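Protein sequence lines correspond, in order, to chains A and B.
Sequence positions in the first sequence follow the working numbering and run 1 to 339.
Sequence positions in the second sequence follow the working numbering and run 1001 to 1339.
We put the beta carbon where it would ideally sit given N, CA and C, even for glycine.
Since this is a predicted model, take the numbers as computed values, not measurements.
The structure appears right after this line, and notes come after that.
Protein chains: 2
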Amino acid sequence: MSVPDLNAVSGYLLALQDNICAALEHEDDGGEFREDRWSRDPADASGLGGGGRSRVLENGSVFEKAGVNFSHVSGQSLPPSATAHRPELAGKPFHALGVSLVIHPRNPYVPTSHMNVRFFCAGDATTPGTSPLELSTSGAASAAPTWWFGGGFDLTPYYGFAEDCVHWHRTARDACFPHGADLYPRFKKWCDDYFFLKHRNEARGIGGIFFDDFNALGTNASFAFLRSVGDAFLPAYLPIVQRRKATPFGEREREFQLYRRGRYVEFNLVWDRGTHFGLQSGGRTESILMSLPPLVSWRYDYHAKPDTPEARLTELFLKPRDWASLTDPQLSALNSQLT
Amino acid sequence: MSVPDLNAVSGYLLALQDNICAALEHEDDGGEFREDRWSRDPADASGLGGGGRSRVLENGSVFEKAGVNFSHVSGQSLPPSATAHRPELAGKPFHALGVSLVIHPRNPYVPTSHMNVRFFCAGDATTPGTSPLELSTSGAASAAPTWWFGGGFDLTPYYGFAEDCVHWHRTARDACFPHGADLYPRFKKWCDDYFFLKHRNEARGIGGIFFDDFNALGTNASFAFLRSVGDAFLPAYLPIVQRRKATPFGEREREFQLYRRGRYVEFNLVWDRGTHFGLQSGGRTESILMSLPPLVSWRYDYHAKPDTPEARLTELFLKPRDWASLTDPQLSALNSQLT
């Protein structure tokens, strides 16, 4: 199996970052992304090279904080700690690139969202310093390098709206379906399993899709699937933003939003393998922590009052549910519990 | 070596919790602790029994959030995950008890503080269900159980005042000195090493003392040392609170405080072994996370402006320094850099 063309993957990811930032700025109507280009000298102690474009929009009218990062890290020798489940890759040259975003809206009725698409390849043919074209060509000819795609997107509402969840999951399902009927159900469950706070026995949000180590469709079709996921993010998220961003809210909703954002921090710092590993292993701290909300509160032993929208969030939304298959009568029944 | 009397240790810890809560309420002049008594059925899946008194003061006039917890956990069989560095203890009955506190003041000129004193014992004689007296008596007679004390206190200022740091560390030093001249230097360094954010290359605060696995002085004198540490917390902290709590402050100081509190969250959720292990292994989430600040902010790639008190915090205070030995001329020289 040949290796996906590194130039093509990189080009897609950079364009995706551009498109998403432009759409979010347009939606925000005032907020602007500022960009930090960073690069890392491969001669430093970590032996890693690479760089990235970190982009952040802070204090927008719609988005209180949105971080959309592109990064491309490579090295001559994959550290053993990064390959615990694939020891045969330790010491091999590698490339890891991706786009990762987290959006924290201002209005508590607009959900927080997260998306990530990434590509990883390692192997003897993956020599840093050679051109990406050489890589993919020589990679096909010599001992086959290992490569895969990963990513997905998930949604974290503060106030639950069944139709938003249905739209989100149907968009995810439709992005997966042309590439295989089994993909959405598998990756939907993977998402539910991954974005789960064990210490709260609670889902982080209403899920979406999550996948890793993906090369099952071969070089071209696996990359096409990744693009389908990346391209589906805006159609999945923007209609929900547009529908909710003008909903009036007060102190009560704001306080609940700040409280629930604490769960986001807890997940990212305690359970998210990428974040935790990145911080412990010398990743670029500011880019990694761009996912953290701009303002967060913790209250001791808070419980929402029964029969409130705040209580319904955990009761009805933060439990895995087959949102994409919800029939109209089921949707109506659910909505009747919400009012 | 006989085992410290479990009743005596427990009695001391409960009284310490009472004293500290009463003193903080008095200092706050309005805020009140509310108590959650909790207990854990030893018959549950974890095989752990025990209980605690969690106390929290929220929205006080001086203390925005103060959590002061007592807990006593015991079990028939120590889980292997809890004894990675002492595999010989796996499967033994054990007791773990302690008082832990974190105080987040409202005024940014008052530092956040943390204190913990704890006792652990494990071994064949440490049979849960037997009375503490039986435990210590039979423990002395049969195969010696393993036991130790641990704890310490550390201070996290938002705005640095050299005289506060000197007072804090001299109080710590004076609490250690009667028990051994080497204790303060060793435990001061241990504290600096432990409360360090590697991903920021920055100390959490100005330190204090930290120790663990401590039984070197024998049964009675080790317990006396623990009491000396526990009893020193209020004399170390309250004078600083009293000196700073009426300092006028505005939005700028408040924003800096909320930003710096992010570091506290990052340390506790990413690096603190107790917190991380507790959350991952099924500890009582609300008690563990009582340490988190009430309100926190994250800003992308924030840097304090040069020559401001905010910049001086990291430049002059968040680096290990021998505060206790600072001479008056050194203190004057440092103070001249602060104005």
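Coarse secondary structure for residue i, derived from DSSP in three states
i, result
"M290 (chain A)", "helix"
"E88 (chain A)", "helix"
"E64 (chain A)", "strand"
"N1335 (chain B)", "helix"
"A110 (chain A)", "According to the sequence displayed, residue 110 (chain A) carries Val and not Ala. If DSSP states are grouped into helix, strand and coil, V110 (chain A) belongs with coil."
"E25 (chain A)", "helix"
"N1069 (chain B)", "strand"
"E1255 (chain B)", "helix"
"F1249 (chain B)", "coil"
"D1018 (chain B)", "helix"
"T219 (chain A)", "helix"
"R1260 (chain B)", "helix"
"A203 (chain A)", "strand"
"G1283 (chain B)", "coil"
"V1003 (chain B)", "coil"
"E32 (chain A)", "coil"
"W168 (chain A)", "helix"
"R1040 (chain B)", "strand"
"A181 (chain A)", "coil"
"D213 (chain A)", "strand"
"F196 (chain A)", "strand"
"A1122 (chain B)", "strand"
"P145 (chain A)", "coil"
"S131 (chain A)", "Reliability of the predicted coordinates at S131 (chain A) is poor, the pLDDT of 40 falling under 50, and the value obtained from them is presented with this limitation in mind. In this structure, S131 (chain A) counts as coil in the three-state DSSP scheme."
"P105 (chain A)", "strand"
"G160 (chain A)", "coil"
"S1010 (chain B)", "helix"
"L313 (chain A)", "helix"
"K1319 (chain B)", "coil"
"P372 (chain A)", "For residue 372 (chain A) there is no data in the structure shown, the boundaries of chain A being 1 and 339."
"P329 (chain A)", "helix"
Cut-off 6 Å between Cβ atoms - residues of its own chain near residue i, not counting five sequence neighbours on either side
i, result
"K92 (chain A)", "L78, A122, G123"
"A1172 (chain B)", "G1208, I1209"
"R1037 (chain B)", "R1053"
"N1019 (chain B)", "none"
"L1101 (chain B)", "V1068, M1115"
"A162 (chain A)", "L331, L334, N335"
"A1323 (chain B)", "The sequence given here has Trp at residue 1323 (chain B), not Ala. Around W1323 (chain B): C1165, V1166, H1169."
"F196 (chain A)", "A203"
Proximal residues to residue i (C-beta, below 8 Å), its chain only, five neighbours per side dropped
i, result
"K1319 (chain B)", "A1203"
"R86 (chain A)", "T146"
"Q1242 (chain B)", "E1027"
Any non-hydrogen atom of the ligand NAP closer than 7 Å to residue i Cβ
i, result
"R1243 (chain B)", "Of the ligands one can find in the structure shown there are none, so the ligand NAP has no counterpart to examine."
CA nearest to the CA of residue i, picked from the options
i, options, result
"H1179 (chain B)", "B:G1230, B:F1233, B:W1298, B:A1221", "B:A1221"
"G98 (chain A)", "A:G152, A:A175, A:L48", "A:G152"
"E1032 (chain B)", "B:Q1017, B:E1058, B:F1195, B:F1120", "B:E1058"
"E286 (chain A)", "B:V1296, B:Y1302, B:L1295", "B:Y1302"
"T1146 (chain B)", "B:D1192, B:G1218, B:D1272, B:F1317", "B:G1218"
"Q257 (chain A)", "A:Y237, A:L238, A:V229, A:A304", "A:A304"
"V296 (chain A)", "A:Y264, A:H276, A:P111", "A:Y264"
"H1114 (chain B)", "B:F1223, B:N1268, B:L1334, B:N1335", "B:N1268"
"K65 (chain A)", "B:F1317, B:R1299, B:L1334", "B:R1299"
"L1014 (chain B)", "B:Q1076, B:V1117, B:A1090, B:R1040", "B:V1117"
"S10 (chain A)", "A:P105, A:V62, A:V73, A:T339", "A:V73"
"P293 (chain A)", "A:H104, A:E25, A:R40", "A:H104"
"N215 (chain A)", "A:F119, A:L155, A:A236, A:H276", "A:F119"
"G160 (chain A)", "A:W148, A:L326, A:E315", "A:E315"
"Y184 (chain A)", "A:V56, A:S228, A:G205, A:H199", "A:S228"
Same chain, Cβ closer than 7 Å to residue i, neighbours up to 5 away in sequence not counted
i, result
"F1249 (chain B)", "N1107, P1108, Y1109"
"G1278 (chain B)", "I1288"
"A140 (chain A)", "At A140 (chain A) the pLDDT is 40, less than 50, meaning the model places this residue with poor confidence; the figure from the coordinates comes in the next sentence. Only S2, V3 meet the Cβ criterion."
"R1260 (chain B)", "Y1158"
Per DSSP, the bridge partner or partners of residue i
i, result
"S74 (chain A)", "A:G49, A:H95"
"N1116 (chain B)", "B:S1100, B:G1152"
"S1297 (chain B)", "A:L295"
"G1208 (chain B)", "B:D1154"
"S1346 (chain B)", "One cannot answer for residue 1346 (chain B) here, as it falls past the ends of chain B, which runs 1001 to 1339."
*Select from the segment 1196 to 1212 of chain B all residues with a C-beta closer than 8 Å to any C-beta belonging to chain A, and list them in chain order.*
K1198, H1199, R1200
*Just by C-beta distance, which residues in the segment 167 to 190 of chain A are closer than 8 Å to chain B?*
none
*When you check each C-beta in the segment 1028 to 1059 of chain B against every C-beta of chain A, which residues fall closer than 9 Å?*
Cβ contacts with chain A come from R1034, D1036, S1054, V1056, E1058.
*Short-range partners of chain E found in the segment 61 to 76 of chain A, where Cβ spacing is below 8 Å*: Protein chains A and B are contained in the structure displayed, whereas chain E is not.
*Interface residues of the segment 261 to 274 of chain A facing chain B [CB-CB below 8 Å]*: G262, V265, E266, L269, V270
_Any C-beta of chain B within less than 7 Å: which residues of the segment 284 to 296 of chain A qualify?_
T285, E286, L289, M290, L292, P293, P294, L295, V296
*Taking Cβ-Cβ distances below 8 Å as the criterion, which residues of the segment 301 to 315 of chain A are in contact with chain B?*
D301
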